[in-house]
Each structure stands twice: as C-alpha cells, then as structure tokens.
Amino acid sequence: MKLHKLLLIAIFLGIGTIFHTLIPGIIFGMKPDMLLTMMFIAIFLFADRSNIFIVGLAAGILSGFTSTIPGGFIPNIIDKLITSLVIFALYCLLIRMMKHKAAALVSTAAGTAVSGAVFLSALTVLGALPVKTSFMAMFIAAVLPAVVINTIFAAIIYPIIVKIMRQSRKSLLATHIAKRG
Numbered sequence: 001m002k003l004h005k006l007l008l009i010a011i012f013l014g015i016g017t018i019f020h021t022l023i024p025g026i027i028f029g030m031k032p033d034m035l036l037t038m039m040f041i042a043i044f045l046f047a048d049r050s051n052i053f054i055v056g057l058a059a060g061i062l063s064g065f066t067s068t069i070p071g072g073f074i075p076n077i078i079d080k081l082i083t084s085l086v087i088f089a090l091y092c093l094l095i096r097m098m099k100h101k102a103a104a105l106v107s108t109a110a111g112t113a114v115s116g117a118v119f120l121s122a123l124t125v126l127g128a129l130p131v132k133t134s135f136m137a138m139f140i141a142a143v144l145p146a147v148v149i150n151t152i153f154a155a156i157i158y159p160i161i162v163k164i165m166r167q168s169r170k171s172l173l174a175t176h177i178a179k180r181g
C-alpha cells in the first residue's frame, strides 16, 4: 500500500475515533458509531483487496478502546473485521450499478446494519449483553437509529471529502507541473 493512502486512511480513522469518543453511550452504553462511517469512507476512497483487513482491524481496535459498552472491546474488533470485508464487496458491486455517492450511501446504511448485527451477536456469544436484553430490542433501539444517523453523516461528509480530494489532486498536479517547467 502506498504511504499516502495509508496516511489518509489513518487520518480518517483518527477523525472517526474522535467522533466515537465524543458521542456518549445511550442504551446500555451503545452509541452511534461515527468511526464506522469514517471507516466506510476510507474503504470507498482508498481501500483495496490488499489492505481491507488492516483497515477493519485498525478500526476495530480504535473502536474497542473508545467503546462505552461493558465487554465491547472484542466484539468491536470482530464487528469491524467482518463489516469491512462485507462493505468492500458490497461497494465494489454497487459502483458498477450506480453513481459513487449513491453506492456510498447505500453501503453506509447496509454496513451500519451489518455492523450492529455482528456487534450484538458477538456481545451475546461472549456473554457481555445483559441477559434481560433481547437482541431485537437492542437492534431496534440502538442499531436502526445509528443506520439513519450514519447515513445522514455520510451524505454530508462524503461529498465534502471527495471535493477536497479532487481539489488537492489539481493543486498537486499544478505544483508538479510548475516545478518541472
């Protein structure tokens, strides 16, 4: 992986970690995962088959460290690893059928739902989900609102990031041409 891609992925995951840290836990410590949205954007813009596992692992570790749900560290790693692979495959499929922004938003909504389901499943299997709490109740109360929030967040931030990337490429190209000329 090229160094500039690695640095941009790290910056996006760092920004996502800050968002994840600042948002308080709402239901049993669960909260919308803005790190997930930034991981998706990093995948949409920079990831390829050779680094998707690393992106998911890094996001899982960062999300685990900032998790407010008891016992959430390992489920976060499991969740981000699986979700990164699923979203990469889904996004690669969708960009063949629709525009990049639409594919990014559909992938973000689906990815947040997948992430929430995997996270809750891992919590349940590892015994960290409270016994009296049902999977479906947690999915409806925490994951579905996160799907809406993450999709809105992606709809706002994805076009901004794409525009910045285009402008910086033009600027870099102009600088490179000026130095050669």
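Following the UniProt record's numbering, the residues of the sequence shown are numbered contiguously, the last one being 181.
Just so it is clear, CB atoms sit at the ideal spot from N, CA and C, and this is done for glycine as well.
Enclosing alpha helix (DSSP H) for LEU126 [first to last residue]
Stepping through the sequence shown from its first residue, residue 126 is reached at position 126. Run containing LEU126: none; DSSP gives neither H nor E here.
Would you mind sorting PRO75 into buried or exposed? The rule is 16 or more other CB atoms within 10 Å of its CB.
One-based indexing of the sequence shown puts residue 75 at position 75. Burial call: buried.
Smallest Cα separation from THR21: which of SER67, PHE12, LEU45, ILE149?
As a working note, residue 21 is residue 21 in the sequence shown. Ranking SER67, PHE12, LEU45, ILE149 by Cα distance to THR21 puts SER67 first.
Which residues in the same chain have their Cβ closer than 8 Å to the Cβ of PHE73, if we skip the five residues on either side of it in sequence?
Start at 1 with the first residue of the sequence shown, and residue 73 comes out as number 73. Only GLY64, PHE65, SER67 meet the Cβ criterion.
Minimum length 4: unbroken alpha helix (DSSP H) runs contained in the segment 58 to 100:
73 to 94
Local conformation of SER115 per DSSP, three classes:
Numbered from its first residue, the sequence shown carries residue 115 at position 115. SER115: helix per DSSP, three-state reduction.
Please state whether DSSP places PRO145 in a helix, a strand or coil.
In the sequence shown, the residue the question calls residue 145 occupies position 145. Looking at PRO145 - three-state DSSP - the assignment turns out to be helix.
Could you check the C-alpha separation between ALA58 and PHE40 for me, to the nearest Å?
Position 58 of the sequence shown, counted from the start, is the residue given in the question as residue 58. Position 40 of the sequence shown, counted from the start, is the residue given in the question as residue 40. ALA58 and PHE40: Cα-Cα distance of roughly 13 Å.
Alpha-carbon to alpha-carbon, ILE160 and SER50:
Position 50 of the sequence shown, counted from the start, is the residue given in the question as residue 50. Position 160 of the sequence shown, counted from the start, is the residue given in the question as residue 160. For SER50 and ILE160, the distance between alpha carbons rounds to 26 Å.
Separation of ALA113 from MET136, as counted between CA atoms
Indexing the sequence shown from 1 puts residue 136 at position 136. Indexing the sequence shown from 1 puts residue 113 at position 113. C-alpha separation (whole angstroms): 12 Å.
From which residue to which residue does the alpha helix (DSSP H) around LYS2 run?
Mapped onto the sequence shown, residue 2 falls at position 2. Here LYS2 belongs to no alpha helix (DSSP H), and DSSP marks it neither H nor E.
So, helix, strand or coil for ASN51, using DSSP?
Numbered from its first residue, the sequence shown carries residue 51 at position 51. Of the three classes helix, strand and coil, the one that applies to ASN51 here is coil, per DSSP.
Consult DSSP for PRO159 and reduce its assignment to one of helix, strand or coil.
Taking the first residue of the sequence shown as 1, we reach residue 159 at position 159. Reduced to three states, the DSSP call for PRO159 is helix.
Does the Cβ-Cβ distance between LEU62 and LEU35 come in under 8 Å?
As a position in the sequence shown, residue 62 is number 62, starting the count at 1. As a position in the sequence shown, residue 35 is number 35, starting the count at 1. Result yes, Cβ atoms of LEU62 and LEU35 sit closer than 8 Å.
Segment contact flag, the segment 143 to 161 with the segment 92 to 106, C-beta cutoff 8 Å, min 3 pairs
yes
Excluding sequence positions up to five away, which residues of its chain have a Cβ less than 6 Å from the Cβ of GLY56?
The residue labelled residue 56 in the question sits at position 56 within the sequence shown. LYS80, LEU81, SER84.
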